[in-house]
Amino acid sequence: MSAKSVAALRRWGKELLCKAEVENAVAECDWLLCHALGCTTTEMLLMETAASDSNARFTELINRRAAGEPVQYLLGKWDFYGLTFDVGEGVLIPRPETELLAQRAVEIASEIPTPVIVDLCAGTGCIGLTIARQVPQSQVWLVEKSSEAFAYLQQNAARFAATNTTLLQGDILTHDFCGIPPCDIICANPPYIPASKLLTLQREVRCEPAMALNGGADGLDFYRAIAASWTGGQRLRADTQRNRTPIKPGSTILLELGDGQYEAVAHMFKEKGFEVSAISDNAGHLRVLEARKKENT
Ligand code: GLN
485 MSAKSVAALR
495 RWGKELLCKA
505 EVENAVAECD
515 WLLCHALGCT
525 TTEMLLMETA
535 ASDSNARFTE
545 LINRRAAGEP
555 VQYLLGKWDF
565 YGLTFDVGEG
575 VLIPRPETEL
585 LAQRAVEIAS
595 EIPTPVIVDL
605 CAGTGCIGLT
615 IARQVPQSQV
625 WLVEKSSEAF
635 AYLQQNAARF
645 AATNTTLLQG
655 DILTHDFCGI
665 PPCDIICANP
675 PYIPASKLLT
685 LQREVRCEPA
695 MALNGGADGL
705 DFYRAIAASW
715 TGGQRLRADT
725 QRNRTPIKPG
735 STILLELGDG
745 QYEAVAHMFK
755 EKGFEVSAIS
765 DNAGHLRVLE
775 ARKKENT
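In C-alpha cells:
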C-alpha cells in the first residue's frame, strides 16, 4: 500500500463509517487514524502524509470498525473514571454508567480507615482498580472467572502498580474464596442480560464475551448468588472449606443493574435484612442498587 494524504484518509474513513451507520463516525475515524499514525489529534491535524504502513493499518482498522468491531477493542484501551484501561476481545468494555457505582464506592470507602473491598466479576478491573487508586488505604480483592478477562485484569493491575490489590481467578457462583477477609464493601457489575436477549444486542455488544453479559434465563442469576453467598450471616465452618466471605455489619453492597431489575433485586437483599436504595443514571434508570447491612445483623 502506498503513502497517502492524511486529509484523504480522513475523508475516506469518515465516509465508510457513516455508510456503515457507526453512530460516532467522525470522532471514531479520528481516534483510529491517530492510533494508526501513533500520534495525538493535534499532531495528526498537522501531518500531511501517512506512510504506507500507517495507511495499511488505518485501512484495516476502518474496515474492521465498519464491519462492527467495537472501537475500544481496535484501540486496545479505554478510559474509565480518569484512568486508561487495556481492553480487547474477551473482556467487557468499561461503560460510563459503571462510573456511578465506582464513584459511590470511593465515597463510602473514603469514610472508612482501612476498608476491605471486593469487586466481583472484575473484568478489566475498572471498578476495583479505580477504588484502589482513589482510596490508597483500601485493600481491594478482585475476582474474575474468565482466563481471557483475567489476563487483562493482571495487565491493568500491573500498569497501575496497584499494590493494595489481590487478584483471584474463580467463579463467584461456585467457588469459595476463603482468603478474603470480612469486607466493608462488595461491588459488582455482574452479567445481567437475560440469555434470550443476547442475540438481539447491538452488533458491537455481541463482540463482547457472552460470559460477561449472560445473567441466565431472567438475567438475575448473579444477584441471586450474591444475595445467597456474599451477604454474610453464615456460620463459618471449622474446616474453612465452605466458608463464604462474611461482610461486616454496617457494610455496603453496590450492584449495577439492568433496566427494570431494581424491584426484583431489592427484594432479594431486603429479605436478607439489608436496607436498600437506588442510584439513577443520566437516563433516569435505576442503575445501581445500594444495600446496607444493618448494624445489628
Ligand atoms: N467489572 C467489569 C466492568 O464493569 C466487568 C463486568 C463484567 O464482566 N460483567 O466493566
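Residues 485 to 781 in our numbering are what the sequence shown spells out, letter by letter.
Heads up, the beta-carbon is just placed ideally off N, CA and C, and yes, glycines get one too.
Scan the stretch 621-680 and note each continuous beta strand (DSSP E) run of 3 residues or more that stays entirely inside, going in chain order.
-> DSSP runs (the beta strand (DSSP E)) wholly in the stretch 621-680: 623-628, 649-653, 667-672.
Relative to the alpha-carbon of Thr647, which residue among Pro620, Ser761, Asp570 has its alpha-carbon at the smallest distance?
-> Your numbering for residue 647 matches position 163 in the sequence shown. Looking at the Cα atoms, Pro620 is the closest of the given residues.
Start and end of the beta strand (DSSP E) containing Glu499?
-> The residue labelled residue 499 in the question sits at position 15 within the sequence shown. Taken as a continuous stretch (DSSP letters only), Glu499 belongs to no beta strand (DSSP E), being part of the alpha helix (DSSP H) at 490-503.
According to the neighbour-count rule (16 or more other Cβ atoms, all chains shown, within 10 Å of its Cβ), is Glu759 buried or exposed?
-> Taking the first residue of the sequence shown as position 1, residue 759 is located at position 275. Classification of Glu759: exposed, given that the 10 Å Cβ count is below 16.
Bridge partners - Ser764, DSSP secondary structure assignment | As a first step, residue 764 is located in the sequence shown; it is residue number 280 there, counting from the start. Beta-bridge pairing by DSSP links Ser764 to Leu770.
Taking 7 Å as the cut-off, is the CB of Cys610 close to at least one heavy atom of the ligand GLN?
-> Position 126 of the sequence shown, counting from 1, holds the residue named residue 610. Yes; taking the cut-off as 7 Å, the Cβ of Cys610 has a heavy atom of the ligand GLN nearer than that.
Report yes if the CB atom of Ala509 is closer than 8 Å to the CB atom of Leu501, and no otherwise.
-> Position 25 of the sequence shown, counted from the start, is the residue given in the question as residue 509. Position 17 of the sequence shown, counted from the start, is the residue given in the question as residue 501. Going by C-beta atoms, Ala509 is nearer than 8 Å to Leu501.
Residue from Asp705, Thr658, Thr543, Ile546 whose Cα sits closest to the Cα of Pro678 | For this step, residue 678 is matched to residue 194 along the sequence shown. Closest by alpha carbon: Asp705.
Considering only C-alpha positions, which residue in the set Ala641, Ile670, Leu585 is nearest to Ile601?
-> Counting from 1 along the sequence shown, the entry for residue 601 is found at position 117. Between Ile601 and the set Ala641, Ile670, Leu585, the nearest pair of CA atoms involves Ile670.
Taking the Cβ atom as the reference point for each residue, do Gly574 and Glu632 lie within a distance shorter than 8 Å?
-> Counting from one through the sequence shown, the residue named residue 574 turns up at place 90. Counting from one through the sequence shown, the residue named residue 632 turns up at place 148. Yes, Cβ-Cβ distance for Gly574 and Glu632 is below 8 Å.
List the endpoints of the continuous alpha helix (DSSP H) containing Val590.
-> Taking the first residue of the sequence shown as position 1, residue 590 is located at position 106. Counting along the chain, the alpha helix (DSSP H) containing Val590 begins and ends at 582-594.
Below 8 Å between beta carbons: does that hold for Ala511 and Arg541?
-> Mapped onto the sequence shown, residue 511 falls at position 27. Mapped onto the sequence shown, residue 541 falls at position 57. Contact flag unset, no.
Please report how far the alpha carbon of Gly834 lies from the alpha carbon of Ala551, in whole angstroms.
-> Shown here, the chain extends from 485 to 781; a query on residue 834 therefore has no answer.
Would you call the stretch 584-597 and the stretch 708-715 touching, i.e. three or more CB-CB distances under 8 Å?
-> Cβ pair count under 8 Å is below three, so no.
Mind checking whether Ile656 and Val689 have CB atoms under 8 Å apart?
-> The count along the sequence shown starts at 1 and reaches residue 656 at position 172. The count along the sequence shown starts at 1 and reaches residue 689 at position 205. Val689 sits away from Ile656, with the two beta carbons spaced by 8 Å or more.
For the ligand GLN, is there a heavy atom less than 7 Å away from the beta-carbon of Cys691?
-> One-based indexing of the sequence shown puts residue 691 at position 207. Not so, every heavy atom of the ligand GLN lies at least 7 Å from the Cβ.
Alpha carbon to alpha carbon, how far is Tyr636 from Glu583?
-> For the purposes of this step, residue 636 is taken as residue 152 along the sequence shown, with counting starting at 1. For the purposes of this step, residue 583 is taken as residue 99 along the sequence shown, with counting starting at 1. For Tyr636 and Glu583, the gap between their C-alpha atoms comes out near 19 Å.
Rounded straight-line distance, which links the Cα of Leu682 to that of Lys498 | On the sequence shown, residue 498 is found 14 positions in, with the first residue counted as 1. On the sequence shown, residue 682 is found 198 positions in, with the first residue counted as 1. Across the structure, Lys498 and Leu682 are spaced so that their CA atoms are roughly 29 Å apart.
Pro675: beta carbon under 7 Å from a heavy atom of the ligand GLN?
-> Walking along the sequence shown from the start, residue 675 turns up at place 191. For Pro675, the shortest separation between its Cβ and any heavy atom of the ligand GLN lies below 7 Å.
Any non-hydrogen atom of the ligand GLN within 7 Å of Gly607 CB | Here residue 607 corresponds to residue number 123 of the sequence shown, with the count starting at 1. True, at least one ligand heavy atom lies under 7 Å from that Cβ.
Does at least one heavy atom of the ligand GLN sit under 7 Å from the Cβ of Pro678?
-> Numbered from its first residue, the sequence shown carries residue 678 at position 194. False, no ligand heavy atom lies under 7 Å from that Cβ.
Check: Leu576 C-beta below 7 Å from any heavy atom of the ligand GLN | Your numbering for residue 576 matches position 92 in the sequence shown. Taking the Cβ of Leu576 as the reference point, at least one heavy atom of the ligand GLN falls within a distance shorter than 7 Å.
Between Arg494 and Cys513, is the Cβ-Cβ spacing less than 8 Å?
-> If you number the sequence shown from 1, residue 494 lands on position 10. If you number the sequence shown from 1, residue 513 lands on position 29. Against a cut-off of 8 Å, the Cβ pair of Cys513 and Arg494 comes out as a contact.
Is Glu779 helix, strand or coil when you go by DSSP?
-> Counting from 1 along the sequence shown, the entry for residue 779 is found at position 295. In this structure, Glu779 counts as coil in the three-state DSSP scheme.
Contact under 8 Å by Cβ, Arg776 with Leu741 = As a position in the sequence shown, residue 776 is number 292, starting the count at 1. As a position in the sequence shown, residue 741 is number 257, starting the count at 1. Their beta carbons are not under 8 Å apart, which means Arg776 does not touch Leu741 by this criterion.
Between which two residues does the beta strand (DSSP E) carrying Asp570 extend?
-> Position 86 of the sequence shown, counting from 1, holds the residue named residue 570. That run of the beta strand (DSSP E) goes 567-570.
Between the stretch 550-565 and the stretch 736-755, are three or more C-beta pairs nearer than 8 Å?
-> As far as the Cβ criterion goes, the stretch 550-565 does not touch the stretch 736-755, which means the pair count is below three.
Beta carbon of Ala696: closer than 7 Å to some heavy atom of the ligand GLN?
-> Walking along the sequence shown from the start, residue 696 turns up at place 212. Under cutoff, so the answer is yes.
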